[in-house]
Amino acid sequence: MNIKRKASNFLLVGIVTILVAAPVTYYSLTHLVSAYNEFTERVGTRQDLLQTMKSEFGYGGIIHNFKNYVLRGSDKYYNMVMANQKKIDKALQEYKGLQDITPEEREALQKLEKVAVLYDENVRLVKRLWSEGKTPAQIDKIAKRSDYLAIEGFAVIEKYYDELKEHSVAEFTSSLSMLHYILIMGLLIVTSVLITVCLGYAKTARELSIVSGVAAHVGDNPDAVYSLDNSRADELGMLAQALTNMVQSLHKQILDAKEKTAVAEKSTKEALAARAQVEAREEDIQKISSRIIETANKSSDAMRSVVATTESLTDQIGQIESGAQEQRSRISETAMSIDEMNSTVLDIARNASEAAKKADQTRGRSDEGAKIIAELKDAIGFVAQSAENLRGVITDLGVQATNIGGVISTISDIADQTNLLALNAAIEAARAGEAGRGFAVVADEVRKLAEKTMVATREVIDQVGGIQRGVEGTTAVANEMDKSVEITTNGSDKALVALTEINSMAIETADSIRSIATASEQQSATSEQISSAVVEVNTIATTTAESMSDFSRSLFDVRTQAVELESLMADLKQ
């Protein structure tokens, strides 16, 4: 039997073993994966959804946030209740979407959904009641809710979850045990095949080592002639015969190679002589190339200098052109400003004439103002005396309001602490279920009493605060009145003096204004001459800017040609 037949037999045995073991292993793995997927889908998904719903219902969830919203009315708790509602709805819908949901689970989910809808309706009702100005006690009486349906629903779902988890774990454990036995059987089969293969390999390797030794001797002494035992009928006998033929052929080829080596040595000597001649010519060519490259380097340096110079000139021309444009713009603005100034001067001349007339009228009004200020000074003295009497009364009222505020603050703190204790007691009673119902009623009554106390204290605090603010405002007004009376008295005295001075200054102002009108007319004529000169300067600046722009374009063309010439020099160096 040859090696190929032996290998075929080993391969056939391996294939049969794999064909027998593969379906069993595949079935076991498929069953295991199916059991794991079923465990993940049925148990893991339910666990996540159940934890989510309990978290959003329980302490810190919709129940707790709803109570806080009823007591405090803060939009923060309203938003938290709505967020809890959305998460509960999402979890309920995902739970309903499970494929193997039972009727008991569906009924329990409906109970949870009813409780969630009830809280949604109540939180919207509470928001409307807060906007209508209701107190926490009134809101708590109107907003009714019950958590017993949720407790029953959670009990059913948790019971089914525990049963399902226990069943799935048992199936998964059974699949793992079956796979364990199959792996042991496969390991035994693979071990048997490996032992058989190793025995065959040892026998074949021993015979191949003989052939390898002959091949090594041929490598060390290629001129020798060897022969191997080729009496075997398998591939090793064929290999021995082929190796014998190869050694004989190699011996013949070595003899031919020696003859060809002698011919090659002769050709090599001739090639070396020809190479010496070529190297002599290469030295001349390198000298000429060096001169060309040197010339190209000098030309390239000159071109770079030209390019740099043109770039510098281009930048300077750009600055000059920009300056000319800026100059033209400034001159245009100056011309417009001069036109506006001319118009303004004419307006000043007209207004000066009107002002002279107004100055005469001002002198008459100042006489009337002096009489009115004298009457005002007497009235201010009476107001000062009344403000002093009012300040004493307001100070006594402020002291009494401050004393009341301290007492009310203490009552408010006690009511707030009582309310928090009642809230915690209600939560613990709800957790206790039926056993805590009576305790919940007592806690609710305590909470209502605390809320009424808080409402009453808030109203008293508001009233006291209003009194205090009124006292502070009235005191401030009285102080301001004193200051105003003093300032007004001093001002009235100064006003009499000022009105006298205004009367004399009005006469002088009328004369000055007439002089201004005359000077303004002369200034208008001068402004017209300046405007004409500015127009001529603007025309010259425009012509200069256009010339600089043309020169800049010409200089750019020169720079482009210099860059192209520099590129040609670089190509020549290469």
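According to the UniProt record's numbering, the sequence shown is numbered sequentially starting from 1. Quick reminder that beta carbons are idealized off the backbone N, C-alpha and C, glycines included. For clarity, every value in this text was computed on a predicted model and none was experimentally measured.
Residue i versus residue j: straight-line alpha-carbon distance, rounded
i           : j    : result
R72         : N79  : 13 Å
I63         : F57  : 6 Å
L125        : L421 : 25 Å
A425        : I142 : 21 Å
R559        : T344 : 53 Å
L187        : T173 : 21 Å
V20         : L194 : 17 Å
residue 641 : E171 : With the chain covering only 1 through 574, there is no way to say anything about residue 641.
T539        : E326 : 13 Å
D339        : Q529 : 11 Å
E259        : A242 : 26 Å
G318        : T543 : 15 Å
T191        : P23  : 20 Å
D315        : S549 : 12 Å
K377        : D396 : 31 Å
E486        : K76  : 53 Å
E564        : S552 : 19 Å
E166        : L109 : 22 Å
V407        : G465 : 13 Å
E546        : G323 : 12 Å
Y148        : G61  : 16 Å
G392        : N479 : 12 Å
V117        : Q468 : 47 Å
A355        : S484 : 34 Å
F154        : S409 : 44 Å
L112        : S412 : 38 Å
Where residue i sits in the DSSP three-state scheme
i    : result
A143 : coil
L176 : helix
D100 : coil
S74  : coil
E132 : coil
G60  : coil
Outcome for residue i when other beta-carbon atoms lying within 10 angstroms are tallied against a minimum of 16
i    : result
F382 : exposed
N122 : buried
E283 : exposed
S329 : exposed
Y181 : exposed
Y119 : buried
R447 : buried
K357 : exposed
S168 : buried
R431 : exposed
Q85  : buried
E451 : buried
R291 : exposed
D140 : buried
A476 : exposed
N490 : exposed
M454 : buried
A374 : exposed
A276 : exposed
Of the residues the options, the one placed nearest residue i, counting alpha carbons only
i    : options                   : result
P136 : R458, D347 and Y181       : R458
L164 : A116, E105 and E132       : E105
T102 : D511, N84, V156 and S146  : V156
D48  : Y77, E158, L112 and A116  : E158
A456 : A443, A415, A429 and S492 : A415
V471 : G398, G406 and E388       : G398
V535 : Q286, E333, T52 and K87   : E333
D100 : L568, I88, V43 and D147   : V43
Q463 : E113, D315 and Q400       : Q400
Q522 : A91, K76, L423 and L346   : L346
S337 : N68, I15 and S532         : S532
N419 : K67, L129 and T509        : K67
D482 : S8, G438, E501 and E388   : E388
Q561 : E294, E311 and E107       : E311
R304 : V13, I18, L12 and L568    : L568
G433 : L176, I151 and A525       : I151
V115 : D89, K96, D367 and K287   : D89
F556 : G364, G438, A308 and N9   : A308
L496 : D367, M185 and L176       : D367
Contact with chain C by residue i, beta-carbon distance below 8 Å
i    : result
I404 : The structure shown contains no chain C, having only a single protein chain.
The ligand FAD heavy atom lying under 7 Å from the CB of residue i
i   : result
G58 : For the structure depicted, the ligand FAD is absent and the ligand set is empty, with no information on it obtainable.
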